[in-house]
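Participant: Numbering (this note's numbering), first residue to last: 47 to 167.
Where is the CB? At the ideal position from N, CA and C, for every residue including glycine.
1. Pull up the distance between the alpha-carbon of residue 146 and that of residue 139, whole angstroms please.
2. Looking only at its own chain, which residues have a Cβ that is under 8 Å from the Cβ of residue 154, when we skip the five neighbours before and after it?
3. How would you call residue 163, buried or exposed, if buried means at least 16 neighbouring beta carbons within 10 angstroms?
4. Roughly how many angstroms lie between the CA atoms of residue 107 and residue 73, to the nearest whole one?
As structure tokens, then:
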């Protein structure tokens, strides 16, 4: 048996062990970098969700305000339209009465509440 062979085996084992140690160190460093990235991504996601939730709340509030304003304006327009309809009906009745007086002094029958103002029926 060659006496240098155990030294070569020891050197090969030592080299293999150093190589594995180096690879383990690199893997650990890579693992730590990945864990750091994942942690940063989780934080970014939480921040993004928080901002998105705030925007949704803001938009919902704004939509609620717009809905209230729209309902108020629609109600006001309905009231104005009803007033206009009443005024127009009164003017038609007055015009019909004037026309009837001019034809013989008898007032014309006023159109009923369900009558069409444009046709008098």
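Facilitator: Taking the coordinates as given:
1. About 10 Å.
2. For residue 154, the predicted model reports a pLDDT of 49, less than 50, meaning its position is unreliable; a value from the coordinates is still stated below. Contacts found: 142, 143, 145 and 146.
3. The predicted model places residue 163 with a pLDDT of 48, which falls under 50 and marks its position as unreliable, so this point remains unresolved.
4. Approximately 51 Å between the Cα atoms of the pair.
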